[in-house]
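Following: one structure in structure tokens, then a few remarks.
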Amino acid sequence: MIDLTLLADGGLGWLDASGPDSHLVLSTRIRLARNLAGRVFVSRSSESEREAVVRDVQAAAGDTVLLRQAARFRLDRLEPLERHLLHERHLVSRDLAGLGAEGRTRSGAALLMQDRVGVMLNEEDHLRLQALASGFALEAAYASLDRVDTELGQRLAFAFHPEFGYLTSCPTNVGTGLRASVLIHLPGLVLTKEISKVLQGLSQVGLTFRGLYGEGSEVVGNFFQLSNQTTLGQTEAELLDHLGKVVRQVMDYEEQARQVLLRNAPAIIEDKVWRAYGLLRYARAVSFDEAMNLLSGVRLGVGVGLIPGVSIYTLNKLLIHAQPAHLAAAEGLALDDSDLPIHRAHLVRRVLEDDTGRSR
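Quick note on our numbering: the sequence shown kicks off at 496 and runs consecutively.
Pasting the structure below:
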């Protein structure tokens, strides 16, 4: 089994709820798409060409400060469950993990990860540099990533055009190659039925939203990933500034929605959050989607001060450890084992009981 202890905090430091506004924003992620000059892009490259990319990048990373001691994972040599684990921890994309219909990853697929920065190799592009941070921390995440980009750029020649910027496999990433996103919890807007209006407004200002796992994933538990759509025609600072302003506005809308619920429907909101907490504390079998929705209710209750004794960090950890691959790995079961809902309910009961016990 893959050794996740090679990663600082098991690769879950971004969930520790230490960052700004972590009661609303779980995490901030920034990615930079880069390709090596003179190399065939991944979509048309051969196995030997992708292996050459891995060798070149690993050698360059070994000479940098931020990736010198990076843990290295060859996803093309991992079992499906191990790849699922990395994906559930938001360390690799679904594409790199080979979680499509065929269930196979391309040769040369790899991950380098040190602390909260890393590089995905041979995904859609040769390199996808990434940084993860707790809470709403665009500037801090980008500062780390910019340093990695600079260090690698001093040792590797990136494909770059003086007019268009960094060249990428997908035209929508050309330019800065920057994709920034925040994973935000918006139950207030969902309950007040204002969420559609807010999400429609995002597209009008050049942003988009996705589900818990990013592109191609569905929204569960009222968790949304908000990110920029364009990368060309603006600098990195301008893109981050624009995203930051819009996200802050969405956060304000969410806070207002929560206050409306508490003022106009206190009994309903109290019943909803305590019912969610009660089900999680005593249910004997819980599906993944149900667990995410119930955890969303409890998180709302904690955020507005209705449920004491439960930490946001505990709820964040449950979002990860209650997922299918994590449960299967912990219990020695298959990903499709019919007993997973039983083990999920037991895990949630135990963790919540331990957390409330510590708070007394």
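The C-beta atom is built at its ideal place from N, Cα and C for all residues, glycine as well.
- Using a Cβ distance threshold of 7 Å, H680 and L519 count as a contacting pair.
- Distance from the CA of R539 to the CA of H579, rounded to the nearest whole angstrom, comes to 26 Å.
- At a Cβ-Cβ threshold of 7 Å, I690 and L684 count as neighbours.
- In this structure, DSSP gives N668 a helical state, which the three-state scheme calls helix.
- Annotation for V549: the continuous alpha helix (DSSP H) segment containing it runs 542-556.
- Of the residues assessed, Y637 falls on the buried side of the cut-off, its CB having 16 or more other CB atoms within 10 angstroms.
- DSSP, reduced to helix, strand and coil, places G514 outside both helices and strands of the structure shown, so it counts as coil.
- Counting only unbroken stretches of 4 or more residues, the alpha helix (DSSP H) elements lying wholly within the region 755-832 are 761-777, 783-798, 807-816, 819-826, in sequence order.
- According to the DSSP secondary-structure assignment, T523 is paired through a beta bridge with A628, V677.
- T730 carries a coil assignment under DSSP once its states are collapsed to helix, strand and coil.
- The region 578-655 is shown to contain whole alpha helix (DSSP H) runs of 4 or more residues at 589-592, 633-648, in chain order.
- Remark: three or more beta-carbon pairs, one from each stretch, lie closer than 8 Å, so the region 656-671 and the region 720-727 are flagged as touching.
- Rounded to the nearest whole angstrom, the C-alpha separation of L507 and A565 is 15 Å.
- Segment contact: the region 524-534 against the region 612-620, three or more CB-CB distances shorter than 8 Å; contact assigned.
- The region 793-803 makes no contact with the region 735-747: fewer than 3 CB pairs, one atom from each, lie closer than 8 Å.
- Between S833 and D641, the alpha-carbon positions lie close to 45 Å from each other.
- Between A532 and A652 the beta-carbon gap is near 4 Å, inside 8 Å, which marks them as a contact.
- Per DSSP, L721 lies in no alpha helix (DSSP H) segment; the continuous beta strand (DSSP E) that holds it begins and ends at 718-723.
- In this structure, the beta-carbon distance from L607 to L562 falls below 7 Å.
- Each residue's CA atom was taken as its position, placing R758 and A752 some 10 Å apart.
- For L694, the uninterrupted alpha helix (DSSP H) segment begins and ends at 690-699.
- Residues L527, G660, Y661, T726, L727, Q729, T730, E731, L734 of the same chain have their beta carbon placed closer than 8 Å to that of T671, with the five preceding and five following residues left out of the count.
- Judged by DSSP secondary structure, L686 falls within the alpha helix (DSSP H) whose first and last residues are 682-686.
- Here G660 is bridged, per DSSP, to H656.
- With a cutoff of 7 Å on beta-carbon distance, R839 and A786 are scored as near each other.
- Shown here, A565 sits in coil according to DSSP, grouped into three states, outside any helix or strand.
- For the set H821, A824, A778, D850, the Cα lying nearest the Cα of V797 is the one of D850.
- Under the DSSP assignment, R705 falls in the beta strand (DSSP E) whose first and last residues are 702-705.
- Rounded to whole angstroms, the gap between the alpha carbons of R844 and D571 is 36 Å.
- Residue burial is scored here from C-beta neighbours: A512 has at least 16 other C-beta atoms within 10 angstroms and is therefore classed as buried.
- Annotated as distal: E658 and H821, with beta-carbon spacing of 7 Å or more.
- Counting the other CB atoms within 10 Å of its CB gives H656 a total below 16, which places it among the exposed residues.
- A547 and Q625 have their C-alpha atoms spaced approximately 21 Å apart.
- Around the beta carbon of E577, a 10 Å sphere encloses 16 or more other beta carbons of the protein chains shown; the residue is thus reported as buried.
- Residue pairing by DSSP places A528 opposite R623 in a beta bridge.
- With distances taken between CA atoms, G706 lies nearest to S588 out of S639, S588, V549, D831.
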